[in-house]
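Here is the structure we will look at.
Number of protein chains: 2
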Amino acid sequence: MKFCSACAAPVALKVPADDTRERFVCTECDTIHYQNPNIVVGTLPIWNIDGEVKVLLCKRAIEPRYGYWTLPAGFMENQETCRQAAQRETIEEAGANIELHELFSVLSVPHVDQVHLFYRATLIDTNYLAGTESLAVALFSEHEIPWEEIAFATVGQTLKFFFEDLKKVRTGGQFSLHEHDFYKSHRPE
Amino acid sequence: MKFCSACAAPVALKVPADDTRERFVCTECDTIHYQNPNIVVGTLPIWNIDGEVKVLLCKRAIEPRYGYWTLPAGFMENQETCRQAAQRETIEEAGANIELHELFSVLSVPHVDQVHLFYRATLIDTNYLAGTESLAVALFSEHEIPWEEIAFATVGQTLKFFFEDLKKVRTGGQFSLHEHDFYKSHRPE
Ligand SMILES: [Zn+2]
Ligand SMILES: [Zn+2]
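Chains as they are written, first to last, in the numbering used here: chain A, 1 to 189; chain B, 1 to 189.
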C-alpha cells in the first residue's frame with residue numbers, strides 16, 4: 001500500500017494514537033488503513049461406496065499450487081455466512097451437490113494472514129464436475145490420496161484429522177472440531 | 001474506496017475476467033482490490049466462586065455501543081493465530097489472566113462482513129483491570145447479567161449458549177461448539 005484509497009495522497013507507516021501497532025495512515029486525510037487476516041472456507045465432502053469412505057478432491061487449475069490437489073475452498077466473500085461460503089466454493093470448484101454438516105477444522109496460518117475453516121459434508125450424488133479453477137475432480141479413499149501432491153498444509157491436516165476421527169466413529173466415537181495452528185514451513189500456503 | 005492504493009489512479013467497480021462479482025479495479029494499473037470479511041476474536045472468561053459460575057464482562061469505553069457490556073473481543077491482527085488474538089484481546093480489554101480452552105462459538109454476521117469467534121476460558125485470578133477501551137470490568141452470574149445492556153448480539157448469544165451448556169455440564173453433559181448466523185436486525189453489530 002502506497003496511496004490512500006480515500007484521497008490518493010501518500011500513506012506512511014506509523015502507530016496511531018491509542019494503538020500499539022504500525023498502520024498505513026494517510027498523510028493528508030489521516031484515514032487509518034487497517035489490514036487484517038482473511039478467511040478461507042471449504043468443505044470435506046465424503047461419499048460412501050460399498051462400505052468405503054471416499055473424499056472429494058479438486059486438482060488446481062490456478063496458481064498457487066497449480067496441478068496439486070485440494071479440498072474445495074476459497075476466500076469468504078463480504079455479505080455471506082461461513083456456511084454459505086462453504087456451499088458456494090464447493091459448487092464453484094467441484095460442481096458438487098452436498099449436504100453441509102458441522103464445522104470440522106479451524107486452522108490459523110499466521111505467516112500468510114489467513115484462517116481456514118473446513119466443514120464436513122456428504123455428497124448427495126456423484127454428478128460433480130470440475131469448475132474453471134479445477135483441472136479435475138475425483139473421489140479418493142484414504143490409501144488412494146496423493147499425500148505428496150496435496151496443495152496446502154491445512155488441507156492435508158484436515159484430511160488426516162478426518163481419517164483419524166473416522167476410525168473413532170467406527171468404534172462408537174464421534175467427529176469433533178479440530179483446531180490447529182501452522183507456522184512458516186518449506187511448504188507454501 | 002475511490003483510489004488505487006498501489007498507483008493513486010481512480011478505481012472503478014467492475015467484474016474482473018474469471019470472476020462473478022463486482023470488485024474495485026484500478027483504471028490505470030488494473031490491480032483488483034478485494035474486500036473480504038474480518039475476524040473478531042474474543043473469550044468467555046469464567047470464575048467459580050462458592051459453587052457459582054460468573055463470567056467476566058467489559059463495559060465499553062469506545063464506540064460503537066459506548067457504555068454497553070461485552071465479552072473481551074476485537075479484530076484479529078495479521079501475523080497472529082486465533083488463539084493468540086483471543087489471549088491478546090482479553091489482556092488488552094480486561095487485563096485478565098486466563099487459561100484458554102476450546103473454541104466455543106462461531107458466528108457469522110454477514111451484514112457487517114464479520115465472523116466472530118469466542119473461546120471458553122477460565123480466569124487464573126481476579127486481578128483483572130479495565131484497559132483503555134473499557135470503562136469497567138466485572139464478574140456476573142447468570143441472573144446478574146445486564147441482558148438489556150449487552151453491546152452485540154453475538155455476545156448475548158454466546159452467553160446464552162454458555163449458560164445452556166452449563167446446565168448440561170452439571171448433569172453429565174459437555175460444552176460443545178455452537179455455530180449461529182445473524183442477519184440484519186434493529187440491533188447494531
Ligand atoms: Zn487520505
Ligand atoms: Zn493502480
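Beta carbons: idealized from backbone N, C-alpha and C, even for Gly.
Taking the CB atoms as reference points, tell me whether Phe24 (chain A) and Leu13 (chain A) lie closer together than 8 Å.
-> Within the first sequence, residue 24 (chain A) is the residue found at index 24, counting from 1. Within the first sequence, residue 13 (chain A) is the residue found at index 13, counting from 1. Taking C-beta atoms as the reference points, Phe24 (chain A) and Leu13 (chain A) count as a pair closer than 8 Å.
By the criterion of Cβ-Cβ separation under 8 Å, what are the contact partners of Ile39 (chain A) in chain B?
-> Here residue 39 (chain A) is taken as the residue at index 39 of the first sequence, counted from 1. Simply Asn36, Pro37, Ile39, Val115.
Could you have a look at Gly191 (chain B) and say whether DSSP puts it in helix, strand or coil?
-> Residue 191 (chain B) lies beyond the residue range present for chain B, which begins at 1 and ends at 189; the question has no answer from this structure.
For Arg120 (chain B), which residues from the same chain have a beta carbon less than 7 Å from its beta carbon, with the 5 sequence-adjacent residues on both sides left out?
-> The residue labelled residue 120 (chain B) in the question sits at position 120 within the second sequence. Around Arg120 (chain B): Leu44, His101, Glu102, Phe104, Phe175.
Smallest Cα separation from Asp19 (chain B): which of A:Ile39, A:Glu89, A:Ala17?
-> Taking the first residue of the second sequence as position 1, residue 19 (chain B) is located at position 19. Cα-wise, what sits closest to Asp19 (chain B) is A:Glu89.
Report yes or no: is there a C-beta of chain B within less than 8 Å of the C-beta of Val106 (chain A)?
-> Along the first sequence, read from residue 1 onward, the residue named residue 106 (chain A) stands at position 106. Val106 (chain A) counts as touching chain B.
C-beta neighbour in chain B for Leu204 (chain A), strict 8 Å | With chain A covering 1 to 189 only, the question about residue 204 (chain A) has no answer from this structure.
Could you tell me whether any non-hydrogen atom of ligand 2 is closer than 7 Å to the CB of Ala6 (chain B)?
-> Residue 6 (chain B) sits at position 6 when you count from the first residue of the second sequence. Indeed, a heavy atom of ligand 2 lies less than 7 Å from the Cβ.
Let me know the alpha helix (DSSP H) ranges lying completely inside the segment 87-141 of chain A, each 4 residues or longer, listed in chain order.
-> Qualifying alpha helix (DSSP H) stretches: none in this window.
Taking the runs of the beta strand (DSSP E) that are 3 residues or longer, which of them lie wholly in the segment 2-63 of chain B?
-> Correct list: 11-14, 23-26, 38-49, 52-60.
For the segment 80-89 of chain A and the segment 54-62 of chain A, state whether three or more C-beta atom pairs, one from each stretch, are separated by less than 8 Å.
-> Note that the segment 80-89 of chain A does not touch the segment 54-62 of chain A; fewer than 3 beta-carbon pairs, one per stretch, sit closer than 8 Å.
Assumed close pair Val115 (chain A), Pro37 (chain A) - CB separation to whole angstroms, cut-off 8 Å = As a working mapping, residue 115 (chain A) is identified with position 115 in the first sequence. As a working mapping, residue 37 (chain A) is identified with position 37 in the first sequence. The Cβ separation is near 6 Å, so the contact holds.
Can Thr198 (chain A) be considered in contact with ligand 1, in the sense that its beta carbon sits closer than 7 Å to one or more heavy atoms?
-> Nothing about residue 198 (chain A) can be reported from this structure: the residues present for chain A run from 1 to 189 only.
Distance, Ser141 (chain A) Cα to Glu80 (chain B) Cα | By 1-based counting over the second sequence, the position of residue 80 (chain B) is 80. By 1-based counting over the first sequence, the position of residue 141 (chain A) is 141. Each residue's Cα considered, the two are about 34 Å apart.
Distance, Ile39 (chain A) Cα to Gly74 (chain A) Cα = Walking along the first sequence from the start, residue 74 (chain A) turns up at place 74. Walking along the first sequence from the start, residue 39 (chain A) turns up at place 39. Taking the straight line from one Cα to the other gives about 8 Å.
Given that Lys2 (chain A) touches chain B, what residues does it touch there, using C-beta distances under 8 Å?
-> The count along the first sequence starts at 1 and reaches residue 2 (chain A) at position 2. Neighbours of Lys2 (chain A) on chain B, chain order: Ser5, Ala6, Cys7, Ala8.
Name, going along the chain, the residues of the segment 124-156 of chain B whose beta-carbon falls closer than 9 Å to a beta-carbon of chain A.
-> Listed by position along the chain: Thr132, Glu133.
Work out the CA separation of His180 (chain A) and Val137 (chain A) for me, nearest whole Å.
-> Here residue 137 (chain A) is taken as the residue at index 137 of the first sequence, counted from 1. Here residue 180 (chain A) is taken as the residue at index 180 of the first sequence, counted from 1. The C-alpha of His180 (chain A) is placed about 26 Å away from the C-alpha of Val137 (chain A).
Alpha-carbon spacing of Glu189 (chain A) relative to Glu148 (chain B), whole angstroms = Taking the first sequence and counting its residues from 1, one reaches residue 189 (chain A) at position 189. Taking the second sequence and counting its residues from 1, one reaches residue 148 (chain B) at position 148. Because the pLDDT at Glu189 (chain A) is just 45, under 50, the model does not fix this residue reliably, and the point stays unresolved.
Per-residue burial, Tyr66 (chain A) [other beta carbons within 10 Å of its own, 16 or more giving buried] | Position 66 of the first sequence, counted from the start, is the residue given in the question as residue 66 (chain A). Exposed: under 16 other Cβ atoms inside 10 Å.
Tell me, please, whether the CB atom of Tyr22 (chain B) is closer than 8 Å to any CB atom in chain A?
-> Working through the second sequence from its first residue, we reach residue 22 (chain B) at position 22. This sequence places Glu at residue 22 (chain B); Tyr is not what is there. No, its Cβ sits nowhere closer than 8 Å to a Cβ of chain A.
Hey, could you find the ends of the beta strand (DSSP E) Gly74 (chain A) is sitting in?
-> In the first sequence, the residue the question calls residue 74 (chain A) occupies position 74. Looking at the DSSP string, the run of the beta strand (DSSP E) that includes Gly74 (chain A) is 73-75.
C-beta neighbour in chain B for Glu89 (chain A), strict 8 Å = Position 89 of the first sequence, counted from the first residue, corresponds to residue 89 (chain A). No, its Cβ sits nowhere closer than 8 Å to a Cβ of chain B.
Please confirm if Thr70 (chain B) has its CB atom under 8 Å from at least one CB of chain A.
-> Residue numbering aside, residue 70 (chain B) sits at position 70 when the second sequence is read from its first letter. At least 8 Å separates the CB of Thr70 (chain B) from every CB of chain A.
Which residues in the same chain as Tyr128 (chain B) place their Cβ atom closer than 7 Å to its Cβ, once the five residues preceding and following it in sequence are excluded?
-> Mapped onto the second sequence, residue 128 (chain B) falls at position 128. Closer than 7 Å at the Cβ level, and outside the excluded window around Tyr128 (chain B), lie Leu56, Ala94, Gly95, Ala96, Val137.
To which residues of the same chain is Lys184 (chain B) closer than 7 Å at the C-beta, ignoring the five residues directly before and after it?
-> The residue you call residue 184 (chain B) lines up with position 184 of the second sequence. Closer than 7 Å at the Cβ level, and outside the excluded window around Lys184 (chain B), lie His111.
Chain B contact residues for Cys82 (chain A), given Cβ-Cβ distances below 7 Å | By one-based count along the first sequence, residue 82 (chain A) stands at place 82. Going along chain B in sequence order, the residues near Cys82 (chain A) (Cβ under 7 Å) are Val106, Ser108, Val115.
What is the C-beta distance between Ala8 (chain B) and Ala8 (chain A), in whole angstroms, given that I count them as a contact (C-beta under 8 Å)?
-> Mapped onto the second sequence, residue 8 (chain B) falls at position 8. Mapped onto the first sequence, residue 8 (chain A) falls at position 8. Contact flag correct, Cβ pair sits at about 4 Å.
Alpha carbon to alpha carbon, how far is Gln35 (chain A) from Lys168 (chain A)? Give it in angstroms, no decimals.
-> Position 168 of the first sequence, counting from 1, holds the residue named residue 168 (chain A). Position 35 of the first sequence, counting from 1, holds the residue named residue 35 (chain A). For Lys168 (chain A) and Gln35 (chain A), the distance between alpha carbons rounds to 41 Å.
Answer with yes or no whether the minimum CB distance from Glu77 (chain B) to chain A is below 8 Å.
-> Start at 1 with the first residue of the second sequence, and residue 77 (chain B) comes out as number 77. The beta carbon of Glu77 (chain B) falls within 8 Å of a beta carbon belonging to chain A, placing the residue at that interface.
Is the shortest distance between the beta-carbon of Leu44 (chain B) and the beta-carbons of chain A less than 8 Å?
-> Along the second sequence, read from residue 1 onward, the residue named residue 44 (chain B) stands at position 44. It does not; no Cβ of chain A falls within 8 Å.
Quick one: using the 10 Å Cβ neighbour count with 16 as the cut-off for buried, is Thr27 (chain A) buried or exposed?
-> The count along the first sequence starts at 1 and reaches residue 27 (chain A) at position 27. Exposure of Thr27 (chain A) is indicated by the presence of fewer than 16 other C-beta atoms within 10 angstroms of its C-beta.
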